[in-house]
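Chains R and F are the protein sequences, given in the same order. For the first sequence, my numbering gives the first residue as 1, with consecutive numbering after it. For the second sequence, my numbering gives the first residue as 1001, with consecutive numbering after it. Each residue gets a CB set at the ideal place from its N, CA and C atoms; glycine is no exception. This structure is a prediction, so every number in the text was calculated from the model and none was measured.
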Amino acid sequence: MSGATGVVSTRPRATSARLSRLPRQIRKYVLAAVLWIFALGFIAPLVWMVSSSLKRNIDVFTAPMRWIPHPIQWANYAEVWLGDHSMLRYFGNSLLVTSVSVAGDLITSSMAGYAFALLTFRGRNKVFFIYLSTAIVPSQLLLVPRFMFFQQVGLYNTLFALILPGLFTLYGTFLLRQFFIATPTELAEAARLDGASEWGVFWRIYLPLARPMLAALGIIRFVGSWNDYETPLVMLSDDSRYTIPLGLTQFVDGDGGLSAGLAMAASVSSVLPILIVFLIFQRQFVAALAFTGLK
Amino acid sequence: MTDVIVKSAPAVVQHRPARSRRTPTRVGWLFIAPNLLGFLAFTLIPLVAGLGIAFTNWNVVSGLGAIHFVGLDNFVELLGDPLFWSSALRTVGYAGISVPGTMLLGLLLGLALNTDVPGRAVLRVIFFVPHIVSSIAIGMIWLLLLDPGNGPINRILRGLGLSSTPGWLVSEVWGLPSLVLIVTWSGVGYCAVIYVAALQSMPPSLHEAALLDGAGPFARFRTVTWRSLMPTTTFLGVTMLISHSQGFGLIAFLTQGGPGDSTTVLSYYMYEQGFQFYRFGYAAAIGIMSFLGVLALSVVMWRFQRGRGLYT
Chain R
1 MSGATGVVST
11 RPRATSARLS
21 RLPRQIRKYV
31 LAAVLWIFAL
41 GFIAPLVWMV
51 SSSLKRNIDV
61 FTAPMRWIPH
71 PIQWANYAEV
81 WLGDHSMLRY
91 FGNSLLVTSV
101 SVAGDLITSS
111 MAGYAFALLT
121 FRGRNKVFFI
131 YLSTAIVPSQ
141 LLLVPRFMFF
151 QQVGLYNTLF
161 ALILPGLFTL
171 YGTFLLRQFF
181 IATPTELAEA
191 ARLDGASEWG
201 VFWRIYLPLA
211 RPMLAALGII
221 RFVGSWNDYE
231 TPLVMLSDDS
241 RYTIPLGLTQ
251 FVDGDGGLSA
261 GLAMAASVSS
271 VLPILIVFLI
281 FQRQFVAALA
291 FTGLK
Chain F
1001 MTDVIVKSAP
1011 AVVQHRPARS
1021 RRTPTRVGWL
1031 FIAPNLLGFL
1041 AFTLIPLVAG
1051 LGIAFTNWNV
1061 VSGLGAIHFV
1071 GLDNFVELLG
1081 DPLFWSSALR
1091 TVGYAGISVP
1101 GTMLLGLLLG
1111 LALNTDVPGR
1121 AVLRVIFFVP
1131 HIVSSIAIGM
1141 IWLLLLDPGN
1151 GPINRILRGL
1161 GLSSTPGWLV
1171 SEVWGLPSLV
1181 LIVTWSGVGY
1191 CAVIYVAALQ
1201 SMPPSLHEAA
1211 LLDGAGPFAR
1221 FRTVTWRSLM
1231 PTTTFLGVTM
1241 LISHSQGFGL
1251 IAFLTQGGPG
1261 DSTTVLSYYM
1271 YEQGFQFYRF
1281 GYAAAIGIMS
1291 FLGVLALSVV
1301 MWRFQRGRGL
1311 YT
């Protein structure tokens, strides 16, 4: 710290003087303009996706590019939802996998996170140390053994192979442990004096406190699970069990080509649910990401 | 609400779990039991098994009885396998460019979004949205955008007077750079959001002190901002290194490691060996080597940041 200030005082002042000669207001507007132009270019691929999803296949690549489709081709969506590879089924599968595994994760993670943070019992630190030591193991390393396991117990090519591992995550456990560690222990002591059971203390006092964190974990896991491609790719073989990301690949032809309009309509359909969830819970989502990043 | 969560993070040190009162052992274990069961079944045991499989040769087709212990054979073969080394090199190139690139752009964006620029909330959403889109949807968009013949990007480039446009995903030269471009695009907003949160939790007194010392904006950035962002930078660096070195969805969907094997990174090579050639022992060995590499790099990064942050 002292070293830092030492350096500061010897730095040349010329740069700052030159910059501050530009009036502050103008600098602000220039920055804003640059940022907005950059943002529009940045989001253009997604806008292009939406626009193309409403075009006939032959219109997607016409030059010059038209942002507003003409004629508007709603039939793409009808085909995607009701056609041969109806996304309805993929949606149902994704919804089932995601909701069950996220709900389960919220329960198991909050219980364990609470115990690791606020309960003192024999063996706790040893168990937590084992948890910690597996934290940076890449999930890919676990894929082969999990695959073998599910194959042996007959759950390969079922949605259980996706749901079961999602019910317990290290990420959730760590996140909630960090949260509960920062909550005061006095609450528990007071409640215990009043005769509350250990479960009652957790369920009625601490869990409600954690509501924003649970919402955040829920969304982060929802997005992760909804978008997961590798696990279903390895664990499922049957078209009818596909989840959305795997289902999306059905809109690619055998030779790798896309029916452009259809593919984009399918993509838009797959993105909409998480986009809506994200827009509603933006604050919690970002807060949770920040929370994990600030430790 | 946001503030409560974020600000409570530094308080971790003050509220150590109470040592005064012990919970009955049984109760404590009951609380962790559901999670522990899952942890054992889907993390710890698979992990140990994965380590074990790497020392066997086994293919699913012949069943569990056909597992043979082969000692270090897989690793010996791996060390002499040119495709392993070239995949490792590509992984280093892929992650080594996309991770720092994404972080640098994210930092610049974060700094810009931390000012009172008009429409800040909307800008933040715009930059963040690609992060929540699945890699397959992203892949679909870019597959069309980067189409060498008719794709809008090449059309724009031709419009700008470029006579020979890149083949992007179908070219051996441009395949990997295309993937870097796409993954950077989708990750920048995430980095920016994390940086903004870190910037906002920075005590303003630090800046004021530097200002009093007469430091210009660049000096202030270098001595105060950059140094207090050090823990965040390390966090992003390590977590993104882990996730990008495993980067799979985009590659599997867009290029399947090709053309040739010009985009075969370790994660894809492992998938190929394991789930296409059913060489599970060999695949596990690749996984272990890749993990060791990431581990070593992460340790180096932690070491590097130690003593360089402002409040460490």
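Counting only Cβ-Cβ distances shorter than 9 Å, please list the residues of the segment 1031 to 1045 of chain F near chain R, keeping chain order.
Listed in sequence order: Phe-1031, Ile-1032, Ala-1033, Pro-1034, Asn-1035, Leu-1036, Leu-1037, Gly-1038, Phe-1039, Ala-1041, Phe-1042, Thr-1043, Leu-1044 and Ile-1045.
So Thr-1263 of chain F and Leu-1206 of chain F are in contact, right, with Cβ under 8 Å, and what is the actual spacing, rounded?
Going by Cβ atoms, the distance from Thr-1263 of chain F to Leu-1206 of chain F rounds to 44 Å, so no, they are not a contact pair.
Contact criterion: CB-CB distance below 8 Å. Does Tyr-131 of chain R meet it with respect to chain F?
Cβ-Cβ to chain F under 8 Å: yes for Tyr-131 of chain R.
CB-CB under 6 Å to Leu-1107 of chain F, same chain, minus the five flanking residues each way: which ones, in chain order?
Contacts found: Tyr-1195.
Take Tyr-1271 of chain F as the anchor and find which of R:Leu-272, R:Arg-24, R:Ser-259 and R:Val-144 has the nearest alpha-carbon.
Answer by Cα proximity: R:Val-144.
I'd like to check one pair, Leu-289 of chain R with Val-80 of chain R: are the Cβ atoms closer than 8 Å?
Contact: no.
Determine, using beta carbons only, whether Gln-140 of chain R comes closer than 8 Å to chain F.
Closer than 8 Å to some Cβ of chain F, the Cβ of Gln-140 of chain R qualifies, so yes.
Can you give the Cα-Cα distance for Ile-1097 of chain F and Asp-194 of chain R, rounded to whole angstroms?
Taking the straight line from one Cα to the other gives about 58 Å.
Quick one: what does DSSP say Phe-1277 of chain F is sitting in, helix, strand or coil?
If DSSP states are grouped into helix, strand and coil, Phe-1277 of chain F belongs with coil.
In chain F, which residues lie with their C-beta within 9 Å of the C-beta of Trp-48 of chain R?
Result: Ile-1141, Leu-1144, Leu-1145 and Pro-1152.
Can you confirm whether the segment 235 to 255 of chain R touches the segment 1124 to 1142 of chain F when touching is taken to mean that 3 or more C-beta pairs between the two stretches lie within less than 8 Å?
In short, these stretches touch, since the Cβ pair count reaches three.
For Leu-207 of chain R and Thr-173 of chain R, what's the separation of their Cα atoms in angstroms?
One C-alpha to the other measures close to 14 Å.
Would you kindly work out how many angstroms separate the C-alpha atoms of Thr-1225 of chain F and Met-1103 of chain F, rounded to a whole number?
Taking the straight line from one Cα to the other gives about 15 Å.
Going along chain R, which residues have a C-beta under 8 Å from Gln-1246 of chain F?
The answer, in chain order, is Pro-138, Ser-139 and Gln-140.
Does any residue of chain F bring its CB to less than 8 Å from the CB of Thr-158 of chain R?
With 8 Å as the cut-off, Thr-158 of chain R does not count as an interface residue toward chain F.
Does Asn-125 of chain R come out as helix, strand or coil in the three-state DSSP assignment?
Asn-125 of chain R falls in the helix class under three-state DSSP.
Could you round the C-beta distance between Phe-116 of chain R and Phe-1042 of chain F to whole angstroms and report it? I think they count as a contact, below 8 Å.
Not quite, the Cβ-Cβ distance comes to about 18 Å (not below 8 Å), so this is no contact.
Which partner residues of Thr-1056 of chain F appear in the DSSP bridge assignment?
Answer by DSSP bridge pairing, in chain order: F:Phe-1069.
Buried or exposed: Pro-1217 of chain F, going by 16 or more other Cβ atoms within 10 Å of its Cβ?
By the neighbour-count rule (16 or more Cβ atoms within 10 Å), Pro-1217 of chain F is not buried but exposed.
Counting only the same chain and skipping the five closest in sequence on each side, list residues whose C-beta sits under 6 Å from that of Gln-1246 of chain F.
Contacts found: Ser-1267.
Could you work out which residue in F:Leu-1241, F:Gly-1189 and F:Leu-1144 is closest to Leu-1111 of chain F when comparing CA atoms only?
The shortest Cα separation from Leu-1111 of chain F among F:Leu-1241, F:Gly-1189 and F:Leu-1144 belongs to F:Gly-1189.
Under 8 Å, with one C-beta from each stretch per pair, do the segment 209 to 220 of chain R and the segment 176 to 184 of chain R reach the 3-pair mark?
Output reads yes: the segment 176 to 184 of chain R touches the segment 209 to 220 of chain R.
Tyr-1278 of chain F and Phe-1084 of chain F: beta carbons closer than 8 Å?
Cβ atoms of Tyr-1278 of chain F and Phe-1084 of chain F: not closer than 8 Å.
In the segment 265 to 277 of chain R, which residues sit with their C-beta less than 9 Å from some C-beta in chain F, listed in chain order?
If the cut-off is 9 Å between Cβ atoms, the segment 265 to 277 of chain R has Ala-266, Ser-267, Val-268, Ser-270, Val-271, Ile-274, Leu-275 and Val-277 near chain F.
DSSP state of Trp-74 of chain R, grouped into three classes?
In this structure, Trp-74 of chain R counts as coil in the three-state DSSP scheme.
Which residues, in chain order, does the segment 79 to 113 of chain R contribute to contact with chain F at a C-beta distance below 8 Å?
Result list: Ile-107, Thr-108, Ser-109, Met-111 and Ala-112.
Taking just the CA atoms, how far does Val-1117 of chain F sit from Asp-1213 of chain F?
Computed Cα separation, rounded: 27 Å.
Among the candidates F:Thr-1223, F:Trp-1142, F:Val-1092 and F:Leu-1199, whose CA atom is the shortest distance from the CA of Ala-983 of chain F?
Only positions 1001 to 1312 of chain F appear in the structure, and residue 983 of chain F is not among them; the question remains open.
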